[in-house]
Amino acid sequence: MTTGTLTRFKLDAATKAADLHHRAVIQRNITTYDVAVARGKARFSDWSNARSRAAAIKWEAINHLDRYLEQFECNVLANGGCVCWAETAADARDYILGLAKRHGVQKIVKSKSMTTEEIHLNQTLEGEGIRVIETDLGEYICQLRGEPPYHIVTPVMHLTKADIARTFQEKLGTPLTESAEELTMIARARLRHEFMAADMGITGANFAVADTGMVAITENEGNARLSFSLPRVHVAVVGIEKLIPRLEDLALLWPLLSTSGTGQAVTVYNSLVGGPRQSPETLGPEEFHVVLLDNGRTRLLADVEQRDALHCIRCGACLNICPVYRNIGGHAYGTTYQGPIGSVITPHLRDERDWSHLPYASSLCGACTDVCPVRIDLHHHLLHNRRNAVQHKFDSTGQSLLFRAWLWTMQSPPRYAVAGKAARLALRLGIAQKFLRPWTANRELPKAPAQSFKDYWRRHERGS
Amino acid sequence: MNAARENILTRVRTALRSESRHPPPATDASVFPPVLNSEVRFKEEFVALTGEVVQNLGQFLKGFTRIATDGNPLVQELVGAGNAGIRDADLGVTGCDCLVAQTGSVIVSTHSAGDRALSVLPPTHLIIAHRSQIVPDLDAAIMWLRERYRGHWPSALSLITGPSRTADIEKILVMGAHGPKRIAVYFVD
Chain R
41 MTTGTLTRFK LDAATKAADL HHRAVIQRNI TTYDVAVARG KARFSDWSNA
91 RSRAAAIKWE AINHLDRYLE QFECNVLANG GCVCWAETAA DARDYILGLA
141 KRHGVQKIVK SKSMTTEEIH LNQTLEGEGI RVIETDLGEY ICQLRGEPPY
191 HIVTPVMHLT KADIARTFQE KLGTPLTESA EELTMIARAR LRHEFMAADM
241 GITGANFAVA DTGMVAITEN EGNARLSFSL PRVHVAVVGI EKLIPRLEDL
291 ALLWPLLSTS GTGQAVTVYN SLVGGPRQSP ETLGPEEFHV VLLDNGRTRL
341 LADVEQRDAL HCIRCGACLN ICPVYRNIGG HAYGTTYQGP IGSVITPHLR
391 DERDWSHLPY ASSLCGACTD VCPVRIDLHH HLLHNRRNAV QHKFDSTGQS
441 LLFRAWLWTM QSPPRYAVAG KAARLALRLG IAQKFLRPWT ANRELPKAPA
491 QSFKDYWRRH ERGS
Chain D
13 MNAARENILT RVRTALRSES RHPPPATDAS VFPPVLNSEV RFKEEFVALT
63 GEVVQNLGQF LKGFTRIATD GNPLVQELVG AGNAGIRDAD LGVTGCDCLV
113 AQTGSVIVST HSAGDRALSV LPPTHLIIAH RSQIVPDLDA AIMWLRERYR
163 GHWPSALSLI TGPSRTADIE KILVMGAHGP KRIAVYFVD
């Protein structure tokens with residue numbers, strides 16, 4: 041087990057878990073979300089069947105991914121678009137940078153895309169002197185603060201109006217305000233100028249529709265629409281797991297995604313982009329590029345046991361319900377994808393050695409599995425990842441010794457009896473607290489019982 | 013890039029040699045309650061999203077000084093060519109493909125509603141449509157689009173459901189994040 045990511049995780053998680061202000065902000069946010077989602081689910085006559093159908097759609101797409109990828113590519117090309125197949129994050133970055141250079145791009149507007157966060161696209165482009173502006177309000181605030189998104193759907197869930205007003209005052213020189221509307225209008229006015237002047241628009245995609253060769257982009261603000269309407273070049277960065285077979289699938293997936301994501305019946309703008317502008321359009325990009333990104337996804341695809349983790353539509357429901365996420369917050373994970381889904385996929389997408397501690401950040405309560413709109417077996421995958429970490433010997437020596445000792449003890453009644461006596465003595469003398477230090481730091485140990493249950497039973501039986 | 017394509021597809025095919033566990037079976041039964049009266053339902057949903065159903069078009073248009081329109085014949089007939097470009101207009105007037113009763117949504121495309129930015133850049137968006145363009149639900153809307161375009165798709169389409177909004181700051185709802193703050197529809201009888 042490498043210490044860098046683990047040590048940081050332990051420290052950040054412990055700090056955040058004890059931060060009462062943080063907890064209050066998150067609870068308020070998630071309570072609002074819970075109310076909206078309950079209302080949204082009431083619009084379905086059969087939520088359970090909706091989830092099963094969505095799972096079937098994604099199962100079909102993922103288990104025939106080669107066919108759908110080829111069909112998608114073929115249709116994009118027929119619509120006049122270009123397709124780049126990127127094996128790694130570096131391949132995707134190089135392609136987009138090359139494109140930007142070829143077009144003499146100086147300014148890029150970006151709409152929210154976790155996939156571009158995953159490949160650290162902004163740093164590369166900015167390193168080459170290109171200005172990159174995040175245009176989703178939450179992402180814009182993150183960018184001003186130099187922070188990664190806190191949540192895959194709600195990037196600044198951890199901030200209050202006052203925090204954001206201070207950030208705007210510091211970075212933009214605007215007066216302090218306590219009004220969310222005024223803050224939004226400040227961003228709107230600033231970003232309008234950026235949209236008008238940008239040469240390239242970069243978006244992600246929520247779905248890639250194989251049978252029409254279109255990318256489907258879901259958003260509330262309109263910044264994605266402006267990003268693929270005004271600049272000369274539009275690039276959509278798409279993980280290969282985003283494929284769906286048919287346009288008809290969206291009649292279910294659009295409402296399902298927005299219900300689980302925000303509680304809305306459907307998100308304000310659900311757009312389909314099929315290529316560059318066509319005559320007689322006078323606005324719109326001259327070129328349309330889709331970057332199909334692997335970056336470890338085929339590794340997860342090869343794991344039959346956990347392949348359904350690729351069904352994820354990134355709604356964020358498993359983050360919001362997770363008792364661990366609610367306490368340690370999104371930044372503690374140190375990953376692009378946080379919460380249960382992040383702890384499932386990150387050890388596959390990145391170096392397992394560095395991230396094998398994440399699946400332990402779970403109480404295995406199964407709430408994530410219950411809310412997942414595409415029925416991913418999340419909490420079992422967390423267990424599978426723990427098993428993988430042990431099999432690959434990424435768990436700590438102390439832990440593996442402890443478990444071996446426990447196994448040895450449990451396999452023999454006399455050994456168990458001796459261990460029980462020793463444990464009661466240790467509890468009585470107060471040594472146990474010290475011995476179990478990390479665990480007892482925030483918990484009280486039970487009082488030492490006078491006798492074992494076995495002794496009690498023997499006496500009880502004799503007495504009756 | 014061709015090598016990358018082959019490498020990815022080969023990895024996918026190798027991975028898929030074994031099939032993963034099937035998800036629990038789903039039924040074909042609809043997952044949404046049926047839409048009984050499309051026109052009534054559309055208006056209910058649209059108004060709930062703060063959309064305005066315009067009764068008097070002339071009156072509504074008087075509230076704007078700079079109007080941009082698309083090439084839609086219905087719009088040209090009722091509103092004219094407009095007097096502003098997309099970038100300076102305070103009102104964008106467009107046609108649409110169809111309207112979806114289930115969600116109170118409007119589908120616009122580069123065929124039905126002019127350039128991509130016309131329905132998102134001006135602060136108010138007015139849609140002019142026939143009542144007959146209302147379809148019951150999203151399934152019907154996609155079927156409508158399939159039949160309308162028969163494989164020759166517009167370069168971009170958007171399902172629009174209410175005015176632009178954000179709740180990124182403390183989950184407080186604010187209208188007009190980047191797109192229109194107001195959305196309105198006028199039905200031609």
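From first to last, the protein sequence lines are chains R and D. Each position in the first sequence, counted from 1, maps to that position plus 40 in the numbering used here. Each position in the second sequence, counted from 1, maps to that position plus 12 in the numbering used here. Ideal Cβ placement from N, Cα and C applies to all residues, glycine included. As the structure is a computational prediction, the values presented were derived from the model and not from experiment.
Cut-off 6 Å between Cβ atoms - residues of its own chain near residue i, not counting five sequence neighbours on either side
| i | result |
| --- | --- |
| R/R230 | none |
| R/M41 | Caution applies to R/M41, whose pLDDT of 44 falls short of 50 and renders its modelled position unreliable; the value that the coordinates give is listed next. Same-chain partners within the cutoff: F434, S436. |
| R/L270 | F235 |
Per-residue burial, residue i [other beta carbons within 10 Å of its own, 16 or more giving buried]
| i | result |
| --- | --- |
| R/R455 | exposed |
| R/W507 | Residue 507 of chain R is absent from the structure shown; chain R starts at 41 and stops at 504. |
| R/A95 | buried |
| R/C355 | buried |
| R/Y373 | buried |
| R/M197 | buried |
| R/T505 | The structure shown has nothing for residue 505 of chain R, since chain R only spans 41 to 504. |
| R/P195 | buried |
| R/C114 | exposed |
| D/N14 | exposed |
| R/A129 | buried |
| R/I280 | buried |
| R/Q439 | exposed |
| D/M187 | buried |
Closer than 7 Å at the beta carbon, the chain R residues around residue i
| i | result |
| --- | --- |
| D/R204 | With chain D covering 13 to 201 only, the question about residue 204 of chain D has no answer from this structure. |
| D/V30 | For the sequence presented, residue 30 of chain D should be read as Ser rather than Val. Under the 7 Å cutoff, chain R gives V344. |
| D/I146 | Simply none; closest approach about 16 Å. |
| D/N19 | E127 |
| D/V186 | A220, E221, T224 |
Proximal residues to residue i (C-beta, below 7 Å), its chain only, five neighbours per side dropped
| i | result |
| --- | --- |
| R/L283 | A101, L105, Y108, L109, F112, A248, A250 |
| D/E182 | none |
| D/L185 | R177, A179 |
| D/D127 | I98 |
| R/I385 | L340, A349, Y377 |
| R/C412 | A357, C358, L418 |
| R/H424 | E345, Q346 |
Proximal chain R residues relative to residue i, where beta-carbon distance stays under 8 Å
| i | result |
| --- | --- |
| D/R177 | N260, E261, V308 |
| D/S50 | Neighbours of D/S50 on chain R: none; closest Cβ ~16 Å, over 8 Å. |
| D/D151 | E288, A291 |
| D/D55 | Looking at the sequence provided, one finds Lys at residue 55 of chain D rather than Asp. Neighbours of D/K55 on chain R: none; closest Cβ ~15 Å, over 8 Å. |
| D/A196 | Simply none; closest approach about 15 Å. |
For residue i: DSSP bridge partner residues
| i | result |
| --- | --- |
| R/G279 | R/L333 |
| R/F235 | Looking at the DSSP assignment, R/F235 forms no beta bridge with any residue, so it has no partner. |
| D/T106 | D/I139 |
| D/L171 | R/N310, D/I119 |
| D/G94 | D/A80 |
| R/A126 | R/L333 |
| D/Y198 | D/V66, D/I140 |
| R/T243 | R/A276 |
Closer than 8 Å at the beta carbon, the chain D residues around residue i
| i | result |
| --- | --- |
| R/Q25 | Here chain R covers residues 41 to 504 and nothing more, so residue 25 of chain R does not appear. |
| R/N103 | L28, E31, S32 |
| R/P95 | According to the sequence as given, residue 95 of chain R is Ala; it is not Pro. Those are P35, P36, A38, listed as they occur along chain D. |
| R/N89 | A38, T39, A41, V43 |
| R/S85 | S42, V43, F44, P45 |
Within chain R, the residues that residue i reaches when beta carbons sit closer than 9 Å
| i | result |
| --- | --- |
| D/H216 | The first residue shown for chain D is 13 and the last is 201, placing residue 216 of chain D beyond what the model contains. |
| D/I1 | A query on residue 1 of chain D cannot be resolved here, the shown segment of chain D reaching from 13 to 201 and no further. |
| D/I140 | Chain R residues near D/I140: none, gap ~20 Å exceeds 9 Å. |
Chain-ordered neighbours of residue i on chain D, where CB pairs are closer than 9 Å
| i | result |
| --- | --- |
| R/L389 | By Cβ distance, chain D contributes nothing, its closest Cβ being about 14 Å from R/L389, past 9 Å. |
| R/Y73 | K183 |
| R/W395 | Those within 9 Å of R/W395 in chain D number zero; the least Cβ separation is about 21 Å. |
| R/D348 | S32, R33, P35 |
Close-in-space but distant-in-sequence residues of the same chain around residue i (CB under 8 Å, 5 per side omitted)
| i | result |
| --- | --- |
| R/R427 | none |
Neighbour list for residue i in chain D, Cβ cutoff strictly below 7 Å
| i | result |
| --- | --- |
| R/S269 | R128, A129, V132 |
| R/D334 | I20 |
Original post:
Is there contact between the segment 110-122 of chain R and the segment 288-296 of chain R, where contact requires at least three CB pairs shorter than 8 Å?
Top reply: When C-beta atoms of the segment 110-122 of chain R are compared with those of the segment 288-296 of chain R, fewer than three pairs fall below 8 Å, so the two segments do not count as touching.
Original post:
Do the segment 214-221 of chain R and the segment 162-181 of chain R make contact, defined as three or more Cβ pairs closer than 8 Å?
Top reply: no
Original post:
Counting pairs of beta carbons, one from the segment 192-199 of chain D and one from the segment 135-142 of chain D, are three or more of them closer than 8 Å?
Top reply: yes
Original post:
Should the segment 63-83 of chain D be regarded as contacting the segment 101-114 of chain D, the criterion being three or more beta carbon pairs within less than 8 Å?
Top reply: Using a Cβ-Cβ distance cut-off of 8 Å, the segment 63-83 of chain D and the segment 101-114 of chain D are in contact, since at least three pairs of beta carbons, one from each stretch, lie closer than that value.
Original post:
For the segment 145-161 of chain R against the segment 356-372 of chain R, are there 3 or more C-beta pairs whose distance is under 8 Å?
Top reply: no
Original post:
Do the segment 400-418 of chain R and the segment 58-67 of chain R meet, that is, are 3 or more Cβ pairs less than 8 Å apart?
Top reply: no
**OP:** Indicate whether the contact test is met: 3 or more Cβ pairs, each with one atom in the segment 163-178 of chain D and one in the segment 304-314 of chain R, closer than 8 Å.
**Re:** yes
Original post:
Between the segment 256-274 of chain R and the segment 314-334 of chain R, do at least 3 Cβ pairs fall closer than 8 Å?
Top reply: yes
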